[in-house]
Structure formats: structure tokens, C-alpha cells
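Presented below is the structure to which this report refers.
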Amino acid sequence: MEEPIKVTVYGADQICASCVNAPGSKDTYEWLQAAISRKFGNANIKYSYVDIFSPPENKKIQELAGRVVEEEFFYPLVIVDDEIAGEGNPRLKTIYSILEEKGLQPEM
Numbered sequence: 003m004e005e006p007i008k009v010t011v012y013g014a015d016q017i018c019a020s021c022v023n024a025p026g027s028k029d030t031y032e033w034l035q036a037a038i039s040r041k042f043g044n045a046n047i048k049y050s051y052v053d054i055f056s057p058p059e060n061k062k063i064q065e066l067a068g069r070v071v072e073e074e075f076f077y078p079l080v081i082v083d084d085e086i087a088g089e090g091n092p093r094l095k096t097i098y099s100i101l102e103e104k105g106l107q108p109e110m
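For the sequence shown, the residue numbers in the numbering used here are 3 to 110.
Structure below.
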């Protein structure tokens, strides 16, 4: 079985100051799971959510979370494998394109 594609959302409970009218990070995380599942079915995707203010004990994740805290990126920040797929108010079209480039095929 091949490795799953990793979709990671970095965010916080507080809405990003520049993203006041956008949905919260956890809402975006849940919305992405639902939207991707509708388009790609039961594809081999592993989803994870990282709270930027209390990231897990993983140097790579902590480093990226720190960059979001330092406002190098807007949150929610969406990463597909190691590629930035969106930030602030991520676009499904962009995320779908990246997933298709990685070999996923829509079920529709």
C-alpha cells in the first residue's frame, strides 16, 4: 500500500486578524475533509490539525507553526505533503489541483 497523502492544517482558535470574515481554522479543517471526500471519495489521505500555539513534539512541525505565529504565513495554513496549498482563506480549486498532481482522481 502506498503512503497516504498528508493534508495538514495549521491554525488557532482565534481567527487571524487579516482573515476576520473567513471561517476559523478548525472549521476550515473540517470543511476540507468533507469537500475532499466528496470529490475524491475514500482516497488514501491522512488529515491532521496543528494548533500553532501548542504544536506537537516534532521539530519540522514546530518550525512551521512558529513561522505562522511570527506572521510569515496567514492561518489557517494548508499543507499537502510538503507543499503550501493555501493560507488565510484557502481555495478548494488550488487544493484539488495539487491532489490531482499527486495522482488522485475525482470520483465524479
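By construction, the Cβ of each residue, glycine as well, lies at the ideal position given by its N, Cα and C atoms.
For the region 19 to 100, the full-length beta strand (DSSP E) segments reaching 3 residues or more read 47 to 53, 79 to 82, 85 to 89 along the chain. Excluding its 5 nearest sequence neighbours in each direction, Ala37 has C-beta neighbours in its own chain below 7 Å: Leu94, listed in chain order. Annotated as proximal: Val70 and Tyr12, with beta-carbon spacing under 8 Å.
Contact between Leu79 and Glu89 holds, with the beta-carbon distance rounding to 5 Å and staying under 8 Å. Between Phe55 and Pro108, the gap from beta carbon to beta carbon reaches 8 Å or more.
The C-beta distance from Leu34 to Ile81 rounds to 11 Å, too long to meet the 8 Å contact threshold. Taking 8 Å as the cut-off, the beta carbon of Lys104 is found no closer than this to the beta carbon of Lys48.
Straight-line spacing of the CA atoms in Tyr51 and Ser39 works out to 17 Å. Between Asn23 and the set Ile100, Pro57, Pro92, Leu106, the nearest pair of CA atoms involves Pro92.
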